[in-house]
Amino acid sequence: MPEVKLKFNGTEFPLGDGVTTLGRTADNLVSFPTDSNVSRYHAEIERRGEEYCLIDLGSSNGTTVNGQKVSGETYLKVGDKVVLGGTSEIAFESVKEISKDEMPAAAVNGNSAVDGVGAPNIGSAMSGLGTSASAPDVAAGSNTMLLFAGGACLLAVVFIVVAGAIYYISVSSACDAKAVIIKPEAGDIITAATEIEVDVENSGCVAKAIFTIDGIEFAASDAPYTATIDPSEFPDLADGLDHNLAIVLVDEDEKQMPQPGAVMLAFETREIEKPEITPESAAGDTPKTAVESKGKQVSLIDVQEMSKRLVKQFSGNAAYNVSNKQFLQEVQKRTAEYAQEGYFERAARYRDAINVAYVREQNLDAPLGYILAMSRSKFNPQKQGSDEGLWKMSTDFVTANAYNGLCGTETLSDPSQNCAAKASAIYMKALVFGVFDGDIIYSAAAFGKSPQDAGVWKAALPTDRRDIWNSIKTPQEREQIVRFFAAGIVAENPEKFGLKKDKRLSELYRLAM
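Taking the working numbering, the leading residue of the sequence shown gets 118, the next gets one more, and so forth.
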(Lines of atoms letter the chains of each structure in order from A and count residues from 1; the text may use other names and numbers.)
(Lines give C-alpha, C1' and ligand atoms only; values in the text may rest on other atoms or scores of the structure.)
Protein backbone atom coordinates (compact mmCIF):
# COMPACT_ATOMS: atom_id res chain seq x y z
CA MET A 1 0.00 0.00 0.00
CA PRO A 2 1.32 3.51 -0.79
CA GLU A 3 1.94 5.99 2.06
CA VAL A 4 -1.40 7.02 3.54
CA LYS A 5 -2.83 9.78 5.72
CA LEU A 6 -5.94 10.68 7.68
CA LYS A 7 -7.70 13.89 6.69
CA PHE A 8 -10.19 15.53 9.08
CA ASN A 9 -11.31 19.05 10.03
CA GLY A 10 -8.85 20.56 7.56
CA THR A 11 -5.96 18.64 9.18
CA GLU A 12 -3.80 15.86 7.75
CA PHE A 13 -2.17 13.14 9.84
CA PRO A 14 0.29 10.76 8.09
CA LEU A 15 0.06 7.14 9.21
CA GLY A 16 3.20 5.19 9.96
CA ASP A 17 4.03 1.96 11.71
CA GLY A 18 2.38 0.94 14.96
CA VAL A 19 -0.97 2.04 16.33
CA THR A 20 -2.77 5.38 15.89
CA THR A 21 -5.32 6.11 18.62
CA LEU A 22 -8.54 8.06 17.95
CA GLY A 23 -10.89 9.56 20.55
CA ARG A 24 -12.16 12.61 22.38
CA THR A 25 -9.35 13.11 24.89
CA ALA A 26 -6.23 15.05 23.98
CA ASP A 27 -3.90 12.15 24.75
CA ASN A 28 -5.05 10.39 21.58
CA LEU A 29 -2.90 10.89 18.48
CA VAL A 30 -6.05 11.99 16.63
CA SER A 31 -8.51 13.75 18.95
CA PHE A 32 -11.93 15.41 18.70
CA PRO A 33 -12.16 17.25 22.06
CA THR A 34 -15.41 19.11 21.34
CA ASP A 35 -17.43 16.22 19.89
CA SER A 36 -19.44 14.66 22.71
CA ASN A 37 -20.50 11.78 20.46
CA VAL A 38 -16.91 10.52 20.25
CA SER A 39 -15.81 8.30 23.14
CA ARG A 40 -12.74 9.17 25.20
CA TYR A 41 -10.87 6.26 23.60
CA HIS A 42 -12.98 5.50 20.57
CA ALA A 43 -10.93 3.49 18.04
CA GLU A 44 -7.45 2.55 16.79
CA ILE A 45 -5.81 2.17 13.40
CA GLU A 46 -3.07 -0.45 13.38
CA ARG A 47 -0.59 -1.12 10.59
CA ARG A 48 -0.38 -4.82 9.76
CA GLY A 49 2.21 -5.47 7.10
CA GLU A 50 1.21 -3.38 4.12
CA GLU A 51 -2.37 -2.83 5.32
CA TYR A 52 -4.12 -0.74 7.97
CA CYS A 53 -6.79 -2.16 10.25
CA LEU A 54 -9.45 -0.05 12.02
CA ILE A 55 -10.50 -1.36 15.44
CA ASP A 56 -13.52 0.00 17.32
CA LEU A 57 -12.79 -0.01 21.09
CA GLY A 58 -16.37 -0.57 22.21
CA SER A 59 -17.32 3.08 21.68
CA SER A 60 -20.69 4.33 22.92
CA ASN A 61 -21.95 5.63 19.56
CA GLY A 62 -20.07 3.31 17.23
CA THR A 63 -17.87 3.67 14.14
CA THR A 64 -18.79 3.37 10.45
CA VAL A 65 -16.73 2.93 7.28
CA ASN A 66 -18.51 4.13 4.14
CA GLY A 67 -21.78 4.00 6.07
CA GLN A 68 -21.32 0.43 7.30
CA LYS A 69 -21.05 -0.11 11.06
CA VAL A 70 -17.76 -1.60 12.25
CA SER A 71 -18.09 -4.62 14.51
CA GLY A 72 -14.72 -5.27 16.04
CA GLU A 73 -12.28 -4.49 13.23
CA THR A 74 -12.08 -3.94 9.48
CA TYR A 75 -9.29 -3.28 6.97
CA LEU A 76 -9.18 0.12 5.28
CA LYS A 77 -8.55 0.97 1.67
CA VAL A 78 -7.68 4.30 0.08
CA GLY A 79 -10.79 6.43 -0.36
CA ASP A 80 -12.67 5.05 2.66
CA LYS A 81 -14.68 7.46 4.82
CA VAL A 82 -14.54 6.71 8.55
CA VAL A 83 -17.12 8.34 10.87
CA LEU A 84 -16.73 8.28 14.67
CA GLY A 85 -19.89 8.55 16.78
CA GLY A 86 -21.93 9.51 13.74
CA THR A 87 -20.48 13.03 13.57
CA SER A 88 -16.68 13.20 13.19
CA GLU A 89 -15.58 12.21 9.68
CA ILE A 90 -12.08 11.04 8.71
CA ALA A 91 -10.90 10.42 5.14
CA PHE A 92 -8.39 7.60 4.56
CA GLU A 93 -6.27 8.87 1.64
CA SER A 94 -2.94 8.17 0.00
CA VAL A 95 -0.07 10.60 0.24
CA LYS A 96 0.02 11.91 -3.30
CA GLU A 97 3.31 11.49 -5.17
CA ILE A 98 4.33 13.94 -7.93
CA SER A 99 4.19 12.23 -11.30
CA LYS A 100 6.36 13.03 -14.32
CA ASP A 101 3.46 14.80 -15.98
CA GLU A 102 3.19 17.19 -12.97
CA MET A 103 6.92 17.98 -12.81
CA PRO A 104 8.41 21.06 -14.46
CA ALA A 105 9.87 20.28 -17.87
CA ALA A 106 13.37 21.18 -16.66
CA ALA A 107 13.18 18.57 -13.89
CA VAL A 108 11.89 15.88 -16.29
CA ASN A 109 14.74 16.55 -18.69
CA GLY A 110 17.28 16.22 -15.90
CA ASN A 111 17.76 19.99 -15.42
CA SER A 112 16.75 21.49 -12.09
CA ALA A 113 15.73 25.02 -11.21
CA VAL A 114 18.06 27.12 -9.09
CA ASP A 115 16.59 28.52 -5.84
CA GLY A 116 13.05 28.06 -7.11
CA VAL A 117 13.60 30.21 -10.22
CA GLY A 118 12.89 28.44 -13.53
CA ALA A 119 16.41 28.06 -14.98
CA PRO A 120 16.91 27.89 -18.75
CA ASN A 121 17.48 24.51 -20.37
CA ILE A 122 21.30 24.69 -20.63
CA GLY A 123 21.49 21.50 -22.64
CA SER A 124 19.28 22.96 -25.33
CA ALA A 125 21.24 26.18 -25.42
CA MET A 126 24.55 24.33 -25.84
CA SER A 127 23.16 22.12 -28.56
CA GLY A 128 22.28 25.28 -30.49
CA LEU A 129 25.98 26.17 -30.81
CA GLY A 130 27.47 25.14 -34.11
CA THR A 131 24.10 24.90 -35.81
CA SER A 132 22.57 27.31 -38.25
CA ALA A 133 21.31 29.53 -35.47
CA SER A 134 22.48 33.08 -36.00
CA ALA A 135 24.28 35.29 -33.51
CA PRO A 136 21.39 37.72 -33.19
CA ASP A 137 19.13 34.82 -32.16
CA VAL A 138 21.56 33.79 -29.44
CA ALA A 139 21.86 37.37 -28.25
CA ALA A 140 18.11 37.71 -28.12
CA GLY A 141 17.88 34.56 -26.03
CA SER A 142 20.58 35.83 -23.71
CA ASN A 143 18.79 39.15 -23.28
CA THR A 144 15.60 37.33 -22.43
CA MET A 145 17.43 35.23 -19.91
CA LEU A 146 19.05 38.30 -18.38
CA LEU A 147 15.71 40.09 -18.12
CA PHE A 148 14.15 37.04 -16.52
CA ALA A 149 16.98 36.70 -14.01
CA GLY A 150 16.89 40.42 -13.27
CA GLY A 151 13.16 40.27 -12.58
CA ALA A 152 13.67 37.35 -10.24
CA CYS A 153 16.39 39.23 -8.39
CA LEU A 154 14.15 42.30 -8.08
CA LEU A 155 11.36 40.18 -6.63
CA ALA A 156 13.80 38.65 -4.16
CA VAL A 157 14.96 42.10 -3.06
CA VAL A 158 11.36 43.27 -2.63
CA PHE A 159 10.58 40.14 -0.59
CA ILE A 160 13.58 40.74 1.66
CA VAL A 161 12.64 44.39 2.20
CA VAL A 162 9.01 43.52 3.03
CA ALA A 163 10.07 40.68 5.36
CA GLY A 164 12.54 42.98 7.06
CA ALA A 165 9.88 45.64 7.53
CA ILE A 166 7.46 43.12 9.04
CA TYR A 167 10.16 41.80 11.35
CA TYR A 168 11.14 45.33 12.39
CA ILE A 169 7.53 46.24 13.14
CA SER A 170 6.94 43.05 15.14
CA VAL A 171 10.16 43.45 17.10
CA SER A 172 9.69 47.14 17.71
CA SER A 173 6.08 46.58 18.86
CA ALA A 174 7.00 43.77 21.30
CA CYS A 175 7.43 44.71 24.93
CA ASP A 176 11.12 44.43 25.84
CA ALA A 177 10.78 45.44 29.50
CA LYS A 178 13.04 43.77 32.06
CA ALA A 179 12.77 43.61 35.83
CA VAL A 180 15.18 42.58 38.57
CA ILE A 181 14.37 42.18 42.27
CA ILE A 182 17.00 44.12 44.20
CA LYS A 183 15.49 43.76 47.68
CA PRO A 184 15.26 41.40 49.51
CA GLU A 185 18.47 39.70 48.43
CA ALA A 186 19.13 36.03 47.82
CA GLY A 187 19.72 34.20 51.10
CA ASP A 188 17.80 36.68 53.25
CA ILE A 189 15.65 35.32 56.07
CA ILE A 190 12.28 37.08 56.18
CA THR A 191 11.14 37.59 59.76
CA ALA A 192 8.93 40.68 59.36
CA ALA A 193 6.95 42.48 56.67
CA THR A 194 9.46 43.48 53.97
CA GLU A 195 9.03 45.79 51.00
CA ILE A 196 10.07 44.34 47.65
CA GLU A 197 12.12 46.74 45.53
CA VAL A 198 12.36 46.21 41.79
CA ASP A 199 14.55 47.78 39.09
CA VAL A 200 12.55 47.94 35.83
CA GLU A 201 13.89 48.89 32.39
CA ASN A 202 11.77 49.95 29.38
CA SER A 203 8.63 50.00 31.51
CA GLY A 204 6.53 52.03 29.06
CA CYS A 205 4.73 48.92 27.82
CA VAL A 206 4.20 47.37 31.27
CA ALA A 207 0.66 47.38 32.68
CA LYS A 208 1.43 45.68 35.99
CA ALA A 209 3.78 43.36 37.84
CA ILE A 210 2.81 40.11 39.53
CA PHE A 211 4.79 38.73 42.47
CA THR A 212 4.91 35.00 43.23
CA ILE A 213 6.29 32.69 45.91
CA ASP A 214 7.05 29.19 44.61
CA GLY A 215 4.87 30.01 41.62
CA ILE A 216 1.87 31.17 43.67
CA GLU A 217 0.73 34.75 43.07
CA PHE A 218 0.46 36.76 46.28
CA ALA A 219 0.52 40.39 45.09
CA ALA A 220 0.22 42.57 41.99
CA SER A 221 0.88 46.28 41.43
CA ASP A 222 1.30 48.91 38.77
CA ALA A 223 4.11 51.49 38.72
CA PRO A 224 6.36 51.75 40.69
CA TYR A 225 5.96 47.95 40.71
CA THR A 226 6.50 47.12 44.33
CA ALA A 227 4.80 45.03 46.98
CA THR A 228 5.19 43.91 50.58
CA ILE A 229 5.90 40.32 51.56
CA ASP A 230 4.61 39.53 55.03
CA PRO A 231 5.85 36.27 56.60
CA SER A 232 2.75 36.02 58.78
CA GLU A 233 0.83 35.23 55.58
CA PHE A 234 3.07 32.24 54.84
CA PRO A 235 3.31 30.21 58.07
CA ASP A 236 3.59 26.96 56.09
CA LEU A 237 6.84 28.17 54.46
CA ALA A 238 8.80 28.20 57.70
CA ASP A 239 10.16 24.77 56.92
CA GLY A 240 13.90 25.47 56.89
CA LEU A 241 13.99 25.40 53.07
CA ASP A 242 14.59 28.14 50.51
CA HIS A 243 11.59 29.50 48.60
CA ASN A 244 11.44 31.18 45.24
CA LEU A 245 10.44 34.88 45.06
CA ALA A 246 9.85 35.89 41.44
CA ILE A 247 8.29 38.67 39.37
CA VAL A 248 6.18 38.47 36.21
CA LEU A 249 5.60 41.54 34.06
CA VAL A 250 2.30 41.92 32.22
CA ASP A 251 2.10 44.11 29.12
CA GLU A 252 -0.84 46.15 27.87
CA ASP A 253 -2.13 43.15 25.87
CA GLU A 254 -2.25 41.03 29.05
CA LYS A 255 0.73 38.97 27.89
CA GLN A 256 2.75 37.67 30.82
CA MET A 257 6.55 37.91 30.73
CA PRO A 258 8.21 35.88 33.51
CA GLN A 259 11.52 37.46 34.49
CA PRO A 260 14.73 35.54 35.14
CA GLY A 261 16.79 35.88 38.30
CA ALA A 262 14.36 34.73 40.99
CA VAL A 263 15.47 35.32 44.60
CA MET A 264 15.73 32.40 47.01
CA LEU A 265 14.51 33.29 50.51
CA ALA A 266 13.98 31.58 53.85
CA PHE A 267 11.07 32.34 56.18
CA GLU A 268 11.05 32.41 59.97
CA THR A 269 7.34 32.39 60.67
CA ARG A 270 6.50 29.15 62.35
CA GLU A 271 4.44 29.49 65.50
CA ILE A 272 5.04 27.06 68.34
CA GLU A 273 1.76 25.51 69.45
CA LYS A 274 1.32 25.27 73.19
CA PRO A 275 0.17 21.87 74.44
CA GLU A 276 -3.51 21.58 75.14
CA ILE A 277 -3.70 20.46 78.74
CA THR A 278 -6.33 17.78 79.30
CA PRO A 279 -7.07 15.59 82.32
CA GLU A 280 -5.38 12.73 80.47
CA SER A 281 -2.22 14.74 79.79
CA ALA A 282 -2.11 15.82 83.41
CA ALA A 283 -2.09 12.14 84.28
CA GLY A 284 1.03 11.65 82.19
CA ASP A 285 -0.33 11.00 78.66
CA THR A 286 1.24 12.80 75.69
CA PRO A 287 -0.59 16.12 75.22
CA LYS A 288 -2.22 16.97 71.91
CA THR A 289 -1.50 20.26 70.19
CA ALA A 290 -4.29 22.50 68.95
CA VAL A 291 -3.36 21.75 65.35
CA GLU A 292 -3.56 17.99 65.92
CA SER A 293 -6.91 18.28 67.62
CA LYS A 294 -8.37 20.04 64.61
CA GLY A 295 -7.18 17.53 62.03
CA LYS A 296 -4.48 17.51 59.43
CA GLN A 297 -3.71 20.82 57.70
CA VAL A 298 -2.48 21.34 54.15
CA SER A 299 -0.41 24.24 52.83
CA LEU A 300 -1.18 26.50 49.90
CA ILE A 301 1.55 24.72 47.95
CA ASP A 302 -0.27 21.42 48.55
CA VAL A 303 -3.58 22.96 47.47
CA GLN A 304 -1.98 24.29 44.30
CA GLU A 305 -0.44 20.95 43.34
CA MET A 306 -3.65 19.04 44.05
CA SER A 307 -5.65 21.58 42.03
CA LYS A 308 -3.33 21.12 39.06
CA ARG A 309 -3.81 17.36 39.23
CA LEU A 310 -7.57 17.81 39.49
CA VAL A 311 -7.94 19.70 36.20
CA LYS A 312 -5.77 17.12 34.43
CA GLN A 313 -8.49 14.53 35.07
CA PHE A 314 -10.69 16.22 32.50
CA SER A 315 -10.39 15.89 28.73
CA GLY A 316 -9.30 18.88 26.67
CA ASN A 317 -6.11 19.50 28.65
CA ALA A 318 -7.00 23.15 29.16
CA ALA A 319 -4.14 25.19 30.70
CA TYR A 320 -5.82 26.80 33.70
CA ASN A 321 -4.00 29.15 36.06
CA VAL A 322 -4.63 27.84 39.58
CA SER A 323 -1.79 29.81 41.19
CA ASN A 324 -3.74 32.84 42.36
CA LYS A 325 -3.18 33.17 46.10
CA GLN A 326 -6.69 34.38 46.94
CA PHE A 327 -8.23 31.52 44.97
CA LEU A 328 -6.03 28.96 46.74
CA GLN A 329 -6.83 30.46 50.14
CA GLU A 330 -10.58 30.21 49.46
CA VAL A 331 -10.22 26.60 48.32
CA GLN A 332 -8.06 25.83 51.37
CA LYS A 333 -10.76 27.22 53.71
CA ARG A 334 -13.49 25.14 52.07
CA THR A 335 -11.60 21.85 52.30
CA ALA A 336 -12.44 21.64 56.02
CA GLU A 337 -16.11 21.32 55.06
CA TYR A 338 -15.42 18.25 52.89
CA ALA A 339 -12.65 16.59 54.92
CA GLN A 340 -15.11 14.42 56.86
CA GLU A 341 -14.91 10.66 56.96
CA GLY A 342 -17.48 8.52 55.16
CA TYR A 343 -17.81 10.17 51.75
CA PHE A 344 -16.35 7.18 49.86
CA GLU A 345 -18.78 4.69 51.40
CA ARG A 346 -21.73 6.94 50.56
CA ALA A 347 -20.50 7.53 47.00
CA ALA A 348 -20.02 3.79 46.41
CA ARG A 349 -23.80 3.26 46.81
CA TYR A 350 -24.41 5.31 43.66
CA ARG A 351 -21.46 4.14 41.55
CA ASP A 352 -23.51 2.36 38.90
CA ALA A 353 -26.06 5.16 38.60
CA ILE A 354 -23.35 7.81 38.08
CA ASN A 355 -21.16 5.77 35.73
CA VAL A 356 -24.09 4.78 33.52
CA ALA A 357 -25.64 8.26 33.32
CA TYR A 358 -22.48 10.33 32.91
CA VAL A 359 -20.15 8.02 30.99
CA ARG A 360 -22.19 5.41 29.11
CA GLU A 361 -25.25 7.49 28.25
CA GLN A 362 -23.92 11.06 27.92
CA ASN A 363 -20.25 10.34 27.19
CA LEU A 364 -19.03 12.86 29.78
CA ASP A 365 -15.77 12.68 31.71
CA ALA A 366 -16.20 10.18 34.54
CA PRO A 367 -14.96 12.46 37.39
CA LEU A 368 -17.51 15.18 36.63
CA GLY A 369 -20.57 13.49 38.14
CA TYR A 370 -18.73 12.45 41.30
CA ILE A 371 -17.01 15.77 42.03
CA LEU A 372 -20.21 17.73 41.39
CA ALA A 373 -22.13 15.45 43.76
CA MET A 374 -19.37 15.75 46.38
CA SER A 375 -19.35 19.55 46.10
CA ARG A 376 -23.12 19.96 46.22
CA SER A 377 -24.27 17.28 48.68
CA LYS A 378 -21.30 15.23 49.98
CA PHE A 379 -23.30 12.28 48.58
CA ASN A 380 -26.26 12.93 50.87
CA PRO A 381 -29.43 12.94 48.72
CA GLN A 382 -31.68 14.31 51.48
CA LYS A 383 -33.98 17.04 50.18
CA GLN A 384 -33.11 20.64 51.11
CA GLY A 385 -35.92 23.04 50.38
CA SER A 386 -36.82 22.56 46.72
CA ASP A 387 -33.45 20.98 45.88
CA GLU A 388 -33.34 17.20 45.67
CA GLY A 389 -30.87 14.37 45.09
CA LEU A 390 -27.10 14.19 45.06
CA TRP A 391 -26.80 17.19 42.72
CA LYS A 392 -29.41 19.35 44.49
CA MET A 393 -31.61 20.19 41.50
CA SER A 394 -35.25 21.26 41.73
CA THR A 395 -38.02 19.24 40.07
CA ASP A 396 -39.38 22.44 38.49
CA PHE A 397 -36.03 23.21 36.82
CA VAL A 398 -35.57 19.65 35.60
CA THR A 399 -39.13 19.39 34.27
CA ALA A 400 -39.12 22.80 32.59
CA ASN A 401 -35.99 21.86 30.63
CA ALA A 402 -37.03 18.22 30.01
CA TYR A 403 -33.92 16.84 31.71
CA ASN A 404 -36.03 14.02 33.23
CA GLY A 405 -36.84 12.46 29.86
CA LEU A 406 -35.01 9.23 30.78
CA CYS A 407 -36.46 8.98 34.29
CA GLY A 408 -39.70 7.18 33.51
CA THR A 409 -41.70 7.04 36.75
CA GLU A 410 -38.67 7.70 38.98
CA THR A 411 -38.09 11.06 40.67
CA LEU A 412 -35.06 13.03 41.81
CA SER A 413 -35.56 11.78 45.37
CA ASP A 414 -35.73 8.05 44.59
CA PRO A 415 -33.26 6.10 46.77
CA SER A 416 -31.46 4.66 43.72
CA GLN A 417 -30.66 8.20 42.47
CA ASN A 418 -30.93 6.89 38.90
CA CYS A 419 -33.24 9.74 37.87
CA ALA A 420 -31.10 12.38 39.59
CA ALA A 421 -27.99 11.04 37.85
CA LYS A 422 -29.65 10.95 34.43
CA ALA A 423 -31.16 14.43 34.76
CA SER A 424 -27.94 16.05 36.01
CA ALA A 425 -25.88 14.33 33.30
CA ILE A 426 -28.20 15.54 30.51
CA TYR A 427 -28.07 19.04 32.01
CA MET A 428 -24.29 19.05 32.28
CA LYS A 429 -23.92 17.84 28.70
CA ALA A 430 -26.03 20.81 27.60
CA LEU A 431 -23.67 23.16 29.48
CA VAL A 432 -20.35 21.48 28.64
CA PHE A 433 -20.90 21.00 24.90
CA GLY A 434 -23.83 23.32 24.17
CA VAL A 435 -22.48 26.42 25.91
CA PHE A 436 -18.84 26.12 27.00
CA ASP A 437 -17.29 24.22 24.07
CA GLY A 438 -16.10 21.29 26.16
CA ASP A 439 -14.93 23.35 29.16
CA ILE A 440 -15.74 21.35 32.32
CA ILE A 441 -14.51 23.95 34.83
CA TYR A 442 -16.69 26.85 33.70
CA SER A 443 -19.65 24.50 33.26
CA ALA A 444 -19.29 23.53 36.92
CA ALA A 445 -19.18 27.21 37.89
CA ALA A 446 -22.42 27.82 35.96
CA PHE A 447 -24.33 24.93 37.57
CA GLY A 448 -27.93 25.97 38.29
CA LYS A 449 -28.22 28.33 35.32
CA SER A 450 -30.34 27.43 32.31
CA PRO A 451 -28.25 26.98 29.14
CA GLN A 452 -29.60 30.33 27.93
CA ASP A 453 -28.54 32.15 31.10
CA ALA A 454 -25.20 30.32 31.07
CA GLY A 455 -24.66 31.60 27.52
CA VAL A 456 -25.30 35.16 28.66
CA TRP A 457 -22.84 34.73 31.53
CA LYS A 458 -20.24 33.23 29.21
CA ALA A 459 -20.53 36.25 26.89
CA ALA A 460 -19.58 38.50 29.81
CA LEU A 461 -16.39 36.54 30.53
CA PRO A 462 -13.03 37.48 28.99
CA THR A 463 -11.95 35.69 25.84
CA ASP A 464 -8.89 34.27 27.58
CA ARG A 465 -10.34 32.43 30.57
CA ARG A 466 -7.28 30.51 31.73
CA ASP A 467 -6.97 32.63 34.89
CA ILE A 468 -10.02 31.22 36.69
CA TRP A 469 -10.15 33.55 39.69
CA ASN A 470 -9.68 36.78 37.75
CA SER A 471 -12.10 35.67 35.02
CA ILE A 472 -14.95 34.74 37.37
CA LYS A 473 -16.02 37.84 39.26
CA THR A 474 -19.63 37.04 40.28
CA PRO A 475 -20.03 35.76 43.89
CA GLN A 476 -22.27 32.76 43.20
CA GLU A 477 -20.10 31.36 40.42
CA ARG A 478 -16.93 31.97 42.48
CA GLU A 479 -18.51 30.11 45.39
CA GLN A 480 -19.41 27.14 43.18
CA ILE A 481 -15.99 26.83 41.55
CA VAL A 482 -14.24 27.08 44.94
CA ARG A 483 -16.48 24.31 46.28
CA PHE A 484 -15.84 22.21 43.18
CA PHE A 485 -12.07 22.41 43.66
CA ALA A 486 -12.24 21.92 47.43
CA ALA A 487 -14.46 18.85 47.10
CA GLY A 488 -12.36 17.47 44.27
CA ILE A 489 -8.98 17.72 45.98
CA VAL A 490 -10.28 16.23 49.24
CA ALA A 491 -11.99 13.38 47.39
CA GLU A 492 -8.80 12.50 45.48
CA ASN A 493 -6.36 13.05 48.36
CA PRO A 494 -8.02 11.76 51.54
CA GLU A 495 -4.67 10.85 53.10
CA LYS A 496 -3.56 14.50 52.84
CA PHE A 497 -6.53 15.51 54.99
CA GLY A 498 -6.11 12.78 57.59
CA LEU A 499 -9.05 10.67 56.30
CA LYS A 500 -7.73 7.18 56.94
CA LYS A 501 -10.99 5.32 56.36
CA ASP A 502 -11.77 6.85 52.94
CA LYS A 503 -10.40 6.01 49.51
CA ARG A 504 -9.92 8.10 46.38
CA LEU A 505 -13.14 8.63 44.47
CA SER A 506 -11.38 7.68 41.22
CA GLU A 507 -11.46 4.06 42.37
CA LEU A 508 -15.19 4.15 41.67
CA TYR A 509 -14.84 5.27 38.06
CA ARG A 510 -11.39 4.03 37.05
CA LEU A 511 -12.87 1.32 34.80
CA ALA A 512 -15.44 3.74 33.38
CA MET A 513 -12.71 6.11 32.14
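The beta carbon of each residue, even a glycine, is placed where N, CA and C say it ideally should be. Every value quoted in this text rests on a predicted model; they were computed, and no experiment measured them.
Considering only Ala-538, Met-381, Thr-343 and Ser-320, the residue with the shortest C-alpha distance to Phe-328 is Thr-343. Taking each of Gly-189, Ile-346 and Val-199 in turn and checking the Cα distance to Val-182, the smallest one comes out for Val-199. For Cys-536, the enclosing alpha helix (DSSP H) stretches over residues 535-551. For Thr-180, the enclosing beta strand (DSSP E) starts and ends at 180-182. By the neighbour-count definition (other C-beta atoms within 10 Å, threshold 16), Gly-202 is a buried residue. Residue environment analysis places Ser-440 among the buried positions, since at least 16 neighbouring C-beta atoms fall within 10 angstroms of its C-beta. Leu-171 and Asn-587 have their C-alpha atoms spaced approximately 45 Å apart.
Counting other Cβ atoms within 10 Å of its Cβ, Lys-509 reaches 16 or more and is therefore classed as buried.
Rounded to the nearest whole angstrom, the CA to CA distance from Leu-417 to Gly-551 is 34 Å. Assignment of Asp-513 by DSSP, reduced to helix, strand and coil, places it in the helix class.
Here Arg-583 has Ala-436, Tyr-437 and Asn-438 as same chain residues with Cβ atoms under 7 Å from its own Cβ, once five neighbours each way along the sequence are excluded.
The beta-bridge partner set that DSSP reports for Lys-124 consists of Glu-129 and Ala-208. Between Gly-378 and Val-315, the C-beta gap is not smaller than 7 Å, which leaves the two residues out of contact. Counting C-beta pairs closer than 8 Å gives fewer than three between the segment 556-568 and the segment 526-537, which falls short of the contact rule. Per DSSP, the continuous alpha helix (DSSP H) segment holding Val-599 begins and ends at 592-609. Around the Cβ of Lys-590, a 10 Å sphere holds fewer than 16 other Cβ atoms; the residue is exposed. Boundaries for Phe-461: no beta strand (DSSP E) harbours it, while the alpha helix (DSSP H) harbouring it runs 460-465, taken from the DSSP string. Taking Phe-444 as reference, the option from Ile-307, Val-420 and Ala-517 with the minimal CA-CA separation is Val-420. Sixteen is the threshold: when 16 or more other Cβ atoms of the shown chains lie within 10 Å of the Cβ of Gly-506, as they do, the residue is buried.
Under the DSSP assignment, Val-323 falls in the beta strand (DSSP E) whose first and last residues are 323-330. Listed in chain order, the non-local C-beta contacts of Glu-624 below 6 Å within the same chain number zero, local neighbours out to five positions each way being set aside. In the three-state reduction of the DSSP assignment, Gln-373 falls in the strand class. In the structure shown, Asn-145 adopts coil according to DSSP, grouped into three states. Ala-344 is bridged by DSSP to Ile-313. Non-local beta-carbon contacts of Pro-131 in its own chain, meaning distances under 6 Å to residues more than five positions away in sequence, involve Lys-122 in chain order. The C-beta of Thr-345 has fewer than 16 other C-beta atoms within 10 Å across all chains shown, which makes the residue exposed. DSSP, read as helix, strand or coil, puts Ser-530 in coil. Under DSSP, the beta-bridge partners assigned to Asn-438 are Asp-584.
The C-alpha of Pro-301 is placed about 48 Å away from the C-alpha of Arg-627. By DSSP's assignment, Tyr-192 forms a beta bridge with Cys-170. In the DSSP assignment, Gly-140 falls within the beta strand (DSSP E) that extends over 136-140. Annotation: Asp-359 to Lys-575 spans about 41 Å, alpha carbon to alpha carbon. Ser-492 is not bridged by DSSP to any residue. Put simply, the segment 603-618 touches the segment 445-462. At least three CB pairs are less than 8 Å apart.
Separation of Ala-355 and Glu-447 (C-alpha to C-alpha, rounded to the nearest whole angstrom) is 21 Å.
The alpha-carbon of Asn-518 is positioned some 10 Å away from that of Ala-540.
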